[in-house]
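Undergrad:
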Amino acid sequence: MKYTPLKIGLLQAVALSLYIGFFAVSVFKMQNWIHTTGVTAHPIAGILIFLFAFVISALISGSIIFAYPVTLFFDGHKRETLGIVFWSAVWLIIIFAIVAISIFFAGLGIVK
4 MKYTPLKIGL LQAVALSLYI GFFAVSVFKM QNWIHTTGVT AHPIAGILIF
54 LFAFVISALI SGSIIFAYPV TLFFDGHKRE TLGIVFWSAV WLIIIFAIVA
104 ISIFFAGLGI VK
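Numbering-wise (the working numbering), the sequence shown opens with residue 4 and increments by one.
#1: Can the beta-carbon of residue 16 be found closer than 8 angstroms to that of residue 105?
#2: For the segment 8-25 and the segment 81-89, state whether three or more C-beta atom pairs, one from each stretch, are separated by less than 8 angstroms.
#3: Output the distance between the C-alpha atoms of residue 74 and residue 22, rounded to the nearest integer angstrom.
#4: Would you tell me roughly how many angstroms separate the C-alpha atoms of residue 69 and residue 44, rounded to the nearest one?
#5: How many Å lie between residue 110 and residue 40 at the Cα?
#6: Use the C-beta contact count for residue 42: other C-beta atoms within 10 angstroms, 16 or more gives buried, fewer gives exposed.
#7: Assign residue 54 to buried or exposed, taking buried as 16 or more other Cβ atoms, counted over all protein chains shown, within 10 Å of its Cβ.
#8: I think residue 26 touches residue 66, with their Cβ atoms under 8 angstroms apart; what is that distance to the nearest whole Å?
#9: I think residue 87 touches residue 24, with their Cβ atoms under 8 angstroms apart; what is that distance to the nearest whole Å?
#10: Work out the CA separation of residue 64 and residue 34 for me, nearest whole Å.
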């Protein structure tokens with residue numbers, strides 16, 4: 004079945020948003036666990052963990068968004084590749100706006 008660049012971009016943006024949500028919840032839970040257990044670590048360990056998490060997260064995010072467009076590009080479908088990357092960015096901006104507005108209104112006590 005042939006999917007349009009708009010739909011592929013949506014699927015990629017949703018997948019990346021789910022990954023970002025999973026990562027954010029994981030870091031939040033880890034932070035709570037560290038504070039409740041009283042675990043202490045050398046500051047270098049925190050920097051190393053942050054950098055490893057950042058690099059691995061960039062690798063996963065890049066793979067989610069660019070893996071399929073790169074294969075299309077090397078197969079000669081340059082126009083479709085640009086469309087997919089464009090729509091992925093548009094959908095990510097829309098999802099970000101929805102999440103940011105939801106968090107803002109939840110912070111005001113309007114949405115519970």
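Glycine is no exception: its CB is placed at the ideal position from the N, C-alpha and C atoms. No experiment lies behind these values; they were computed from the predicted model shown.
TA: With the given structure in hand:
#1: Between residue 16 and residue 105, the CB-CB gap reaches or exceeds 8 angstroms.
#2: Yes, the segment 8-25 touches the segment 81-89.
#3: So the two alpha carbons sit approximately 22 angstroms from each other.
#4: The alpha-carbon atoms of residue 69 and residue 44 are separated by roughly 36 angstroms.
#5: Straight-line Cα distance between these residues: approximately 28 angstroms.
#6: Counting every other CB atom within 10 Å of its CB across the protein chains shown gives residue 42 a total below 16, marking it as exposed.
#7: Burial call: exposed.
#8: Under the criterion of beta carbons closer than 8 angstroms, residue 26 and residue 66 do not qualify as touching, at roughly 14 angstroms.
#9: With a Cβ gap of about 22 angstroms, residue 87 and residue 24 do not count as contacting.
#10: When the Cα atoms are used, residue 34 and residue 64 turn out to be separated by approximately 22 angstroms.
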